[in-house]
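*Asks:* Here's a structure for you.
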Amino acid sequence: MNIGELARRTGVSVRALRYYEEQGLLVPARAANGYRQYTKAAEEVVGCIQLLYAAGLSSAKVAEVLPAACRDADGVVLSGELTGELETVRARLVTEIAERQASLRLLDEVMAAACWDGVARSA
0 MNIGELARRT GVSVRALRYY EEQGLLVPAR AANGYRQYTK AAEEVVGCIQ
50 LLYAAGLSSA KVAEVLPAAC RDADGVVLSG ELTGELETVR ARLVTEIAER
100 QASLRLLDEV MAAACWDGVA RSA
């Protein structure tokens, strides 16, 4: 598939896909005409890249983690330093999730107190 098709399938802009290529995160084959050609596996790689960015990792860290994240991880060894950084990111995400769950519970309580069968109570 070409870069436009990959962009459509993943919801990621062509510009972002080109950036991933510049960073060495995504490596397309080249057709005889020089156009980028992506396999179905590229969709999974783009998904992994997006998730790692959403977790707060930099491009450099994504490049280090990517082989273990969405490719054949057998035999991939992460350095102790990188493992420590990933544990820190994970702890931050767990905290953020807990905070969002608390916010959700509060909203549920407010909505339950203010509404009955979807009809707002008058003050």
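62 is the number that numbering that gives the first Met the number 0 gives to position 63 of the sequence shown; each next residue is one higher, with no gaps.
Every residue, glycine too, gets a C-beta built ideally from N, C-alpha and C.
This structure is a prediction, so every number in the text was calculated from the model and none was measured.
1) Pairs of beta-carbons, one from the stretch 96-112 and one from the stretch 47-65, closer than 8 Å: are there three or more?
2) Please name the residue, chosen from GLY79, GLY83, ALA113 and THR9, that lies closest to ILE48 on a Cα-to-Cα basis.
3) With a threshold of 6 Å on Cβ separation, who are the neighbours of VAL11 within its own chain once the five nearest residues in sequence on each side are excluded?
4) Ignore the nearest five residues each way along the sequence and tell me which others in TYR37's own chain have a CB closer than 6 Å to its CB.
5) Alpha carbon to alpha carbon, how far is LEU25 from GLU43?
6) Could you give the DSSP three-state label for ALA101: helix, strand or coil?
7) Compare the C-alpha of LEU81 against each of LEU56, GLU95 and THR94 and name the closest.
*Replies:* The structure says:
1) no
2) THR9
3) Excluding residues within five positions, the ones whose Cβ falls inside 6 Å are VAL45.
4) MET0, LEU5 and PRO27
5) 11 Å
6) helix
7) Looking at the Cα atoms, LEU56 is the closest of the given residues.
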